[in-house]
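Note sheet for the following structure.
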Amino acid sequence: MNLTIDNTKVTVEQGATILEAARSAGIYIPALCSHPNLPPSRQVKPFEAVYRGKEEVKNDNSSSEYEGCQLCLVKIEGKDDLPTACTTEVGEGMVVQTNTPEIQQKRRGNLNTILAEHPNVCLACDRKEDCDPFRGGIRKASIITGCEFCPNNFKCELQEVSAYIGVDESLPPYEYKGTPSLKSDSFFERNYNLCIACTRCVRACQEVRVNNTVGYVFQDGNATIGSKAPSLEESGCQFCGACVDVCPTGALTEWNNKWDGVADTRVLSTCPYCGVGCQLELLVKKDRIIGVSPKGDGTVNQGQACVKGRFGIAEFVHHTDRLTVPLIRKNGNFEEASWDEALDLVAEKMGTYNANEMAVITSAKCTNEENYVIQKFARAVLGTNNLDHCARL
Ligand code: SF4
Ligand code: SF4
Ligand code: SF4
Ligand code: SF4
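Its first residue numbered 0, the sequence shown is counted upward by one per residue in numbering that gives the first Met the number 0.
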């Protein structure tokens, strides 16, 4: 399909949405509920909802009426309305505008609705840059009343979208929801005071991970986002972190790097924990890994990881107990050695056995490539087929 978006010619497969077409051409359209790794927000099923409190809200069907964030509005030549780019399929010869005064004004109105229940003072403040020199002193607040107090400051999609659309300075002060922050779960904190109910976490958990840990919780006539049981552990969470990765606000925040700020650099690496070989971007700050972001497009893991790769790397890489040099036992004690010394010793001792006296056990905690190399070493160098794998233990 050939179309024109903001005077740029774009070609995509039939069935692609305007939002996908724009993204493929590097054209930015603000969107808070849509995410490249997730199905569209309107496809959220009525959910295995959790009902707490009054029984009469059980017939509430608001999850199936979810209309999305309504920020990705676009203008299609020849049409009067402003459809959402995330749900409109491209057509041959279509001419699309993504940023006209009319579109931006409509978006601003919809953003105001979102920000009416979100800490908005910093977003609307025209002097927010002046806060930067004082940030170190005011950030670690127990209640987050604005971006300068928020661990998500400078890495927040809601900030990015608000800056693009422009926040109405006359926006009334929001009302603090007063939802207790959930601090007892492992790996990440849930602060639903910052939640904008975009349902990204719900779709990540239910439709990508097929785990149904989080979804709508109906309580006393209100629909909010939450977990089946009060804690994630009791709700059967895998702690894969998929919900954290797609959350566009600071509502879901990793414990390990909560106040570490923005990484200096990202380094693409392969997860060292198993043979799947998930591609992960290591978030590095001041020569330390502060977090991990699973790589999306074109990778074996498609933006996903398991708990080990997602939350278990920084700790083990920097753990004080980690062996970083070979140790050789001398007189009953381990002593540090160089790799040459260690390898020479192993080669010398192995040289005293014949091939059938040796066996090699490989590990499930290695990459496929490492396991391939070790079997090659066993068969081609040692000359033995005595080879096994710890996954069978
Ligand atoms: S979640 Fe984003 S927009 Fe909201 S207070 Fe935090 S940094 Fe600001
Ligand atoms: S960590 Fe994974 S399983 Fe747990 S709530 Fe998030 S997406 Fe669902
Ligand atoms: S917790 Fe985050 S991802 Fe989930 S609905 Fe709220 S803002 Fe969206
Ligand atoms: S341990 Fe988990 S994250 Fe790492 S490669 Fe295996 S499945 Fe992927």
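No residue lacks a Cβ here, since even glycine has one placed at the ideal position from N, Cα and C. Note that the structure is predicted; figures quoted are calculated from it, not measured.
Practice prompt. Could you tell me whether the Cβ of G145 comes closer than 8 Å to any Cβ of chain D?
Written response: Chain labels in this structure do not include chain D; a single protein chain is all it has.
Worksheet item: How about L282 and F187: are their beta carbons less than 8 Å apart?
Response: no
Practice prompt. Return the CA-CA distance between I195 and H34, expressed in angstroms with no decimal places.
Written response: 15 Å
Worksheet item: At which residue ranges does the segment 58 to 108 contain complete beta strand (DSSP E) runs of 3 or more residues, listed in the order of the chain?
Response: 94 to 96
Discussion item. What I want to know is whether the C-beta of C68 ends up closer than 7 Å to one or more non-hydrogen atoms of ligand 2.
Written reply: no
Worksheet entry | Under 8 Å between C-beta atoms of V95 and T10 | no
Discussion item. Less than 8 Å between C-beta atoms, sequence neighbours within five positions excluded: which residues of the same chain meet that for E91?
Written reply: M0, N1 and L2
Worksheet item: Who are the Cβ neighbours of K105 in its own chain at under 8 Å, not counting the five residues just before and after it?
Response: L72 and L81
Worksheet item: In this structure, what does DSSP give as the bridge partners for P293?
Response: L279
Item to complete: Mind the definition here: the segment 219 to 230 touches the segment 168 to 175 only if three or more C-beta pairs lie below 8 Å; say whether that holds.
Response: Too few Cβ pairs lie closer than 8 Å, so no.
Item to complete: Report yes or no: do three or more beta-carbon pairs, one from the segment 205 to 219 and one from the segment 257 to 271, lie closer than 8 Å?
Response: no
Fill in: Stretch pair the segment 253 to 261 + the segment 341 to 351: three plus CB contacts closer than 8 Å
Cβ pair count under 8 Å is below three, so no.
Worksheet item: Is the closest heavy atom of ligand 4 to the C-beta of P305 under 7 Å?
Response: What sits at residue 305 in the sequence shown is Cys, not Pro. Look at C305: its beta carbon is less than 7 Å from one of the heavy atoms in ligand 4.
Worksheet entry | Residue span of the beta strand (DSSP E) that contains N6, given as start and end | Where N6 is concerned, there is no enclosing beta strand (DSSP E), given that its DSSP letter is neither H nor E.
Worksheet entry | For E159, the first and last residue of its enclosing alpha helix (DSSP H) | E156 to I164
Item to complete: May I ask you to check if the CB of L231 is nearer than 7 Å to at least one heavy atom of ligand 2?
Response: yes
Discussion item. Out of L37, L18 and E168, which one is the CA nearest neighbour of T97?
Written reply: Taking T97 as reference, the option from L37, L18 and E168 with the minimal CA-CA separation is L18.
Worksheet entry | Range of the contiguous beta strand (DSSP E) that encloses F187 | Segment F187 to R189, the beta strand (DSSP E) holding F187.
Worksheet item: When burial is assigned at 16 or more other CB atoms within 10 Å of the CB, is V244 buried or exposed?
Response: The sequence shown places Asp at residue 244, not Val. The residue is buried, with at least 16 neighbouring Cβ atoms inside 10 Å.
Worksheet entry | Coil, strand or helix - I312 by DSSP | If DSSP states are grouped into helix, strand and coil, I312 belongs with the helices.
Worksheet entry | Anticipated Cβ contact below 8 Å, C149 with L31, distance rounded | Going by Cβ atoms, the distance from C149 to L31 rounds to 16 Å, so no, they are not a contact pair.
Worksheet item: Thinking C-alpha only, which one of E88, G308 and C130 is nearest Q237?
Response: G308
Worksheet item: To the nearest angstrom, how far is it from the Cα of D219 to the Cα of L70?
Response: 29 Å
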